[in-house]
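The opening position of the sequence shown corresponds to residue 40 in our numbering, with each subsequent residue numbered one higher.
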Amino acid sequence: MKRWMVACSLVSLLSACASNPEAPLADTQASPQLSLAAPVLPGQPLTLKQVMADPDWIGNAPMGAYWNDDSQSVFYQRKQDGSKLRDRYQHALDGAPQKLALGQWGAVSQPGQTDASGNRKAWLYEGNLFVRDLATGTVRQLTRDSKGWQDFRFLNDGRIAAWAGERVELIDPATGARTLLAELKFEAAPEPETAEGFLAEQQARLIDYVAQQYRDAEQKHAQQNERQASDATLAPKPFYLGGDERLVELSVSPSGRYLMVAVTDSKASWRSDHDIMPNYLDKRGYVDAVPARARVAEAEVKPHRLVVLDTRTQQQVNVTWEGLEGYDEDVLAAVKRENAEARGERYDSENALRTIRLMEDWGWNQSAMAWHPSEDKLVVMLEAADNKDRWIAAVDLAKGKLRTEHRLHDDAWVNYTHNEFGWAGDKLYFLSEQSGYSNLYLKPLGGKADALVSGRQVVSNLTLSNDGQHLYYKANPHHPGQYEVFRVALASGQVEQLTDLKGMLEYQLSPDEQQLLLEYSSRTRPVELYVQAIGGEARQLTQTTKEAFLAYDWQAPQVVAVPSSHQSDPVYARVYLPKDFDPAQRYPAVIFNHGAGYLQNAHYGWSGYFREFMFHNLLAQQGYVVMDMDYRGSKGYGRDWRTAIYRQMGTPEVQDLADGVAWMAENVSVDRNRVGTYGGSYGGFMTFMALFTQPELFQSGAALRPVTDWAHYNHPYTSNILNTPQVDPIAYQRSSPIEHAEGLEKPLLIMSGVLDDNVFFQDSVRLVQRLIELEKPMFETAIYPVEPHGFREPSSWLDEYRRIHRLFEDTLK
């Protein structure tokens, strides 16, 4: 009821004060320079309660959108108002959205794979396999299992190989007939019992009855092996992989003959017994010890082992790492030597096998194992656990040998995104940051790689056309904060720009390859779906943002380039100007620090920080200048920008904040003695580092769900930037706020969720105790007992931002 009342009151309040609601494709042009004109703002001011209300009042944007097979409609989901449940819709390009009944969810086409002939499409829905005849539209459900299938592929003969756990089956899409292709068992292969040890050997030597038992067992074992090899009616013999490992991933070759499997230590775990998070508000009234991830200081990263399984010969071939260039290099020698010298010791470098694993990209939806479309040729993408190398390697399936096709080395760390790769006919395409930016390359096996798309732009989201002649992609060549869709001809390298929306977008190519489905947003408008014919103009398909939000005259932040004191490239930032801005006045200011570190927020699209966007509008109405910087380490600006923070987190970023303060003082009339800062997660970490290491820069700061000690954060993220505490304690001491807490001189607000399983509540507890022992009286804390890392309850958001607002009002005005 309260949500409904808030939404209704906003409709009446906000619609009355709107004068020029933004058109769907307005707000797309980049400002060539800062405009100092006072922003047009409504007479009715925002309130914190409006801004932090349940976001249902804004509208629930389409999620998980994808094309129907006929390219004439799209499917998507939307969250229900006042509920966590989602509805599903089918939206014809020339019609209105139609909500699907629950019984229709499994009856409509899903994203999937098409066979080589283009006649059939298959997909998984709720773990079961479906196939559609694209000519007739007939859908056939091939499986109806409770366990569910994990993945599948079409084979050259038209059958489907599907796998779940350690079992792979062949399924005939025409008849539904199922045949076991392979079964993996993680145990020792059975062998007939033999006499072992003195007593057993003596028993068999002296007692004929016992000796005969051993002979019978051996004969039975031999006969069973012979039967399985010659009797086609029997299930194939399992592949026994030993009892010390577990399956990580498997993939099937186009012919179905080969399986590539990756395995790892069966004891490898993401946590240990003491990694727990107390839940003080358990439903039963007790304190619940919730399992939590291990810390980087304790995590054990185990290597993967690759094995080729031949279903025709039943042979197993272990893959060796020697074919990887630099597989045994001591890439951390300089870091280890520096840390050893700091301890008064000497480090002698020597080569040793590195911990190597399948590549884990945090954003892709493909496998690190890529088979040729029609031949039993395989390339794999591998990474070193020390984060310094990424390899694309061809696999000799018969010999278990690797040949390096491409090695991407980075003295800092190889990016955990922008690693897409695959086959274009007999050539490989892949993304690489070797030039300093994520660019697109093409190479024949064993040959030289050529750049298809190069320059100061970040390329991602690759789609190969059905005829293999073009690669579609997303990139930002015109402005770091504006992304468009392009395609490049593989034969000529000719690039064609397909969209010109100057905002943020994602795309999907239609099945007939004549249209693009776009998820587009601008600075003041959330994501909506658009459709654009290749060579045509974008047309808005959905309208899910509510009138209460659309009617309000939001201030679109200006995207400015702040000159840097530390490198040639500027630091891009969003800037909000105060109501009735007057250059003759001096204004207070707030700098917001986005989270995640590697994230882009100073762009021309709708921000994931939508509450902060509204809060910054509120601050501007109340006379603040607000800046939101893409400090070094942020996404969208290339490798050197990303790796500038290597082994020194919190130093380049705070230098950029200092440049931001200076720029505001010189350009938008900010009083540099009345500037505060705040942010959550990585942004909270930055708030600490700014207040602890440059105490004169800001007059106050608020740190939300903040990292205080990187040794307590997770391994996958932290080891990229700081290596590990065992190898590089210097980097952790240099980069962890708790090591610099004695520098606090200005008011600090610390706010944390008790159920945060990303940045543990313990982080804040440890820092608070450190500040108490340092006798620092200028900090306050607020805890949120039911909140995880990303707060969920509107009451928590409201309480949090009331405290932030009060802090700035008390210290900056």
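Glycine included, each C-beta is placed from N, C-alpha and C at the ideal position. What you are looking at is a predicted structure, and each value in this text was computed from that prediction instead of being measured.
- Non-local beta-carbon contacts of Asn264 in its own chain, meaning distances under 8 Å to residues more than five positions away in sequence, involve Lys276 in chain order.
- Secondary structure at Arg179: strand, using DSSP grouped into helix, strand and coil.
- Per DSSP, reduced to three states, the secondary structure at Ala697 is helical.
- For Gln733 against Ala697, the beta-carbon gap comes to about 7 Å, under 8 Å, which counts as contact.
- By the Cβ neighbour-count rule, Ser269 is exposed, with fewer than 16 other Cβ atoms within 10 Å of its own.
- Cα atoms of Arg809 and Asp314: separation of roughly 22 Å, rounded to the nearest angstrom.
- In this chain, the alpha helix (DSSP H) harbouring Arg842 covers Pro833 to Leu851.
- Of Thr182, Arg686 and Trp188, the smallest CA-CA separation from Gly215 is found for Thr182.
- In this structure, DSSP gives Glu459 a state outside helix and strand, which the three-state scheme calls coil.
- DSSP places His445 in the uninterrupted beta strand (DSSP E) bounded by Lys440 to His448.
- When the Cα atoms are used, Ser720 and His754 turn out to be separated by approximately 16 Å.
- Separation of Tyr685 and Gly142 (C-alpha to C-alpha, rounded to the nearest whole angstrom) is 52 Å.
- In the three-state scheme derived from DSSP, where H, G and I count as helix and E and B as strand, Ile684 is classed as coil.
- As computed with DSSP, Ser560 is found in a beta bridge with Met543.
- The three-state reading of DSSP puts Ala641 in coil, since its state is none of H, G, I, E or B.
- Counted as a single uninterrupted DSSP element, the alpha helix (DSSP H) harbouring Lys88 occupies residues Leu87 to Val90.
- Between the segment 382–400 and the segment 439–447, the count of C-beta pairs closer than 8 Å stays below three; the two stretches do not touch.
- Cα atoms of Leu87 and Tyr164: separation of roughly 42 Å, rounded to the nearest angstrom.
- In the structure shown, the three-state DSSP call for Val601 is strand.
- Three or more Cβ pairs drawn from the segment 604–623 and the segment 662–682 lie within less than 8 Å of each other, which places the two stretches in contact.
- Secondary-structure assignment with DSSP links His828 through no beta bridge to anything.
- For the pair of segments examined, the segment 782–793 was found to touch the segment 807–827: the number of CB pairs separated by less than 8 Å reaches three.
- Within its own chain, the residues whose Cβ lies closer than 6 Å to the Cβ of Ala704, once the five positions on either side in sequence are excluded, are Arg711, listed in chain order.
- Along the length of the segment 763–804, whole beta strand (DSSP E) runs at least 3 residues long occupy 787–792, reported in chain order.
- Sequence-distant Cβ neighbours of Ser549 in its own chain, meaning closer than 6 Å and more than five residues away, are Trp106 and Ser110.
- One thing to note: Thr394 has its Cβ no nearer than 9 Å to the Cβ of Ala433.
- Judged by DSSP secondary structure, Arg254 falls within the alpha helix (DSSP H) whose first and last residues are Asp247 to Ser269.
- In this structure Tyr325 is exposed. Its beta-carbon is surrounded by fewer than 16 other beta-carbon atoms within 10 angstroms.
- In the three-state scheme derived from DSSP, where H, G and I count as helix and E and B as strand, Ile573 is classed as coil.
- In chain order, Pro617, Val664, Ser708 and Val709 place their CB closer than 6 Å to the CB of Tyr626, counting only its own chain and leaving out the 5 sequence neighbours on each side.
- Leu417 places its beta carbon 9 Å or farther from that of Leu397.
- The beta carbon of Trp462 sits closer than 7 Å to those of Ala409, His411 and Pro412, all from its chain and outside the five residues before and after it, given in chain order.
- DSSP places Thr757 inside the alpha helix (DSSP H), whose first and last residues are His754 to Leu761.
- The beta carbon of Ala274 is closer than 7 Å to those of Leu219 in its chain, skipping five residues each way along the sequence.
- Per DSSP, Phe631 lies in no alpha helix (DSSP H); the unbroken beta strand (DSSP E) holding it starts and ends at Tyr626 to Asn632.
- Shown here, Ala243 sits in a helix according to DSSP, grouped into three states.
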